[in-house]
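**Student:** When you read off a place in the sequence shown, starting at 1, and then add 20, the result is the number in my numbering. Right, I'll just put the structure down here and ask away after.
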Amino acid sequence: MFFQSRDVSGLPVSKRNVGIVFQSYALFPNLTASQNIGYGLKNRRRDRGAIRKRVEELLELVGLQLMGPKYPAQLSGGQQQRVALARAMALSPDVLLLDEPLSALDAQVRILLRSEVRDLQRRLGVSTIMVTHDQEEALTMADRILVMDHGRIVQNGTPWDVYNKPVTPFVAAFLGSMNFIGSGVKEAAGVVRIGSISLQVPDGAAEGMSPGGQVMLAIRPEDVLVPPPGKSDRNTLCVRVGGLEFRGPHYRVTFHLPLGDAGPSKLEADFPTEMIRRLGIRQDMELTIRLPADRIRVYAL
């Protein structure tokens, strides 16, 4: 993605109009919050009145109006993060770079602040590049996600596209949970056989691959369904429940797939807690599940 219309490659770093928020925030411990925010403006010899006004605007923007006189050691992690953001925004940068800015915070504060950072970025309208290893941060905060594998971009798309249409097994496993089902063989267009079972897959899957080609199937836990009693199709399987893991609003249920000669394979599904109670799902019981063809991903081996 390109965020600047002019070439800055020949400029020294100090001359490029880029704001950076480091993972450790890198606030000056001997300066107050206000002094940290105004540091760049002071270095550029801005008028004292203009600096004070800009600092007050930014403190209000990040919700720290009363924290200006405090030193970093007197601020919480979340407050320090906001000061670091305000300092990066003080010079009205063309691009804002965020290097895992929430990773040092506890889970609850991180969830709260990621929406605040997103709202702040939208209000300011600054193009922002954020580095993160947190899947939820990427999905909830980004307009576009670039997934890198060994230093190479392997997929670039909207959060919806990257999550629902991962182009490689690496992307599929990196964002969210994914079941990978054995080594199969493409029988025909839209049909794959794994061991003793034959499954329908999207018609365009493994396009260009001749019948007999080796493939791997993948499906997300939330896409595994329990069909109504008496209803079945080609992707309906009778499985045994291997385990249940309570996760609050849902259970992660583990099944053992009957693949015959291909050997046992594990499949995980996320079912609402209410459904677990209603159907009486328990360990070692047999259950009929369905793998919707349009939710199965196919990768060539």
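Glycine included, each C-beta is placed from N, C-alpha and C at the ideal position.
Use the C-beta contact count for residue 53: other C-beta atoms within 10 angstroms, 16 or more gives buried, fewer gives exposed.
**Tutor:** Residue 53 is buried by the Cβ-count criterion.
**Student:** Within the same chain, show all residues whose beta-carbon is closer than 8 Å to that of residue 223, passing over the 5 residues directly before and after it, in chain order.
**Tutor:** So the list reads 209 and 210, once near-sequence residues are dropped.
**Student:** How many angstroms separate the CA atom of residue 136 from the CA atom of residue 94?
**Tutor:** The straight-line gap from Cα to Cα measures roughly 21 Å.
**Student:** Between the alpha carbons of residue 73 and residue 103, how many angstroms are there, rounded?
**Tutor:** One C-alpha to the other measures close to 16 Å.
**Student:** Which whole-angstrom value describes the C-beta separation of residue 235 and residue 204, a residue pair presumed to lie in contact below a C-beta threshold of 8 Å?
**Tutor:** So it is a contact: roughly 5 Å between Cβ atoms.
**Student:** Are residue 128 and residue 45 closer than 9 Å when you measure CB to CB?
**Tutor:** In this structure, residue 45 does not lie closer than 9 Å to residue 128 by Cβ.
**Student:** Apart from the five residues just before and just after residue 42, which ones in its own chain have a Cβ nearer than 6 Å to its Cβ?
**Tutor:** Excluding positions up to five away in sequence, the list reads 119.
**Student:** Just reading off the alpha helix (DSSP H) that residue 242 is part of, what are its end residues?
**Tutor:** From DSSP, residue 242 is part of no alpha helix (DSSP H); its letter is neither H nor E.
**Student:** Quick one: residues in its chain with C-beta nearer than 8 Å to the C-beta of residue 260, no 5 flanking neighbours on either side, listed in chain order?
**Tutor:** Only 275, 276, 304, 305, 306 and 307 meet the Cβ criterion.
**Student:** Residue range of the alpha helix (DSSP H) that residue 120 falls in?
**Tutor:** It is not in any alpha helix (DSSP H) - residue 120 carries neither H nor E in the DSSP assignment.
**Student:** CB-CB under 8 Å to residue 264, same chain, minus the five flanking residues each way: which ones, in chain order?
**Tutor:** Excluding sequence neighbours, residue 264 sits near 271, 272, 273, 274, 296, 301, 302 and 303.
**Student:** How would you write the range of the beta strand (DSSP E) that residue 190 sits in, first residue to last?
**Tutor:** Careful: residue 190 lies outside any beta strand (DSSP E), inside the alpha helix (DSSP H) at 189-194.
**Student:** Excluding sequence positions up to five away, which residues of its chain have a Cβ less than 7 Å from the Cβ of residue 90?
**Tutor:** Closer than 7 Å at the Cβ level, and outside the excluded window around residue 90, lie 52 and 53.
**Student:** Relative to the alpha-carbon of residue 179, which residue among 173, 188, 56 and 157 has its alpha-carbon at the smallest distance?
**Tutor:** It is 157 whose Cα lies nearest to the Cα of residue 179.
**Student:** Between which two residues does the alpha helix (DSSP H) carrying residue 41 extend?
**Tutor:** Premise fails: residue 41 lies in the beta strand (DSSP E), 38-41, not in any alpha helix (DSSP H).
**Student:** Bridge partners of residue 204, per DSSP?
**Tutor:** DSSP output for residue 204 lists 235 as bridge partner(s).
**Student:** Are there 16 or more other CB atoms within 10 angstroms of the CB of residue 255, so buried, or fewer, so exposed?
**Tutor:** Residue 255 is buried by the Cβ-count criterion.
**Student:** How many Å lie between residue 71 and residue 65 at the Cα?
**Tutor:** Roughly 9 Å between the two C-alpha positions.
**Student:** Span of the alpha helix (DSSP H) holding residue 178?
**Tutor:** Note, residue 178: premise wrong, no alpha helix (DSSP H); not H, not E.
**Student:** Report the residue ranges of all alpha helix (DSSP H) runs contained in full by the stretch 52-122; include only those spanning at least 4 residues, in chain order.
**Tutor:** Segments of the alpha helix (DSSP H) lying fully in the stretch 52-122: 53-57, 59-63, 68-81 and 97-109.
**Student:** Smallest Cα separation from residue 197: which of 183, 141 and 187?
**Tutor:** The shortest C-alpha separation from residue 197 is found at 183.
**Student:** What are the start and end residues of the alpha helix (DSSP H) that includes residue 129?
**Tutor:** Residues 127-144.
**Student:** Taking DSSP as the reference, what is the three-state secondary structure of residue 286?
**Tutor:** Reduced to three states, the DSSP call for residue 286 is strand.
**Student:** Less than 8 Å between C-beta atoms, sequence neighbours within five positions excluded: which residues of the same chain meet that for residue 48?
**Tutor:** Same-chain partners within the cutoff: 55, 56, 59 and 92.
**Student:** In terms of alpha-carbon separation, which member of 248, 315, 35 and 146 lies closest to residue 199?
**Tutor:** It is 315 whose Cα lies nearest to the Cα of residue 199.
**Student:** For residue 186, is the classification buried or exposed, using 16 other Cβ atoms within 10 angstroms of its Cβ as the cut-off for buried?
**Tutor:** Label assigned to residue 186: buried.
**Student:** Is the CB-CB distance between residue 231 and residue 319 below 9 Å?
**Tutor:** Cβ atoms of residue 231 and residue 319: not closer than 9 Å.
**Student:** Among 191, 262 and 217, whose alpha-carbon lies nearest the alpha-carbon of residue 170?
**Tutor:** Out of 191, 262 and 217, 191 has the C-alpha closest to the C-alpha of residue 170.
**Student:** Look at the Cβ atom of residue 122, then the Cβ atom of residue 107, and state whether they are nearer than 9 Å.
**Tutor:** No.
**Student:** Which term fits residue 143, buried or exposed, when burial requires 16 or more other beta carbons within 10 angstroms of its beta carbon?
**Tutor:** Its Cβ having fewer than 16 others within 10 Å, residue 143 is exposed.
**Student:** Does DSSP classify residue 25 as helix, strand or coil?
**Tutor:** In this prediction, residue 25 scores a pLDDT of 39, lower than 50, which makes its location untrustworthy; no coordinate-derived value is stated.
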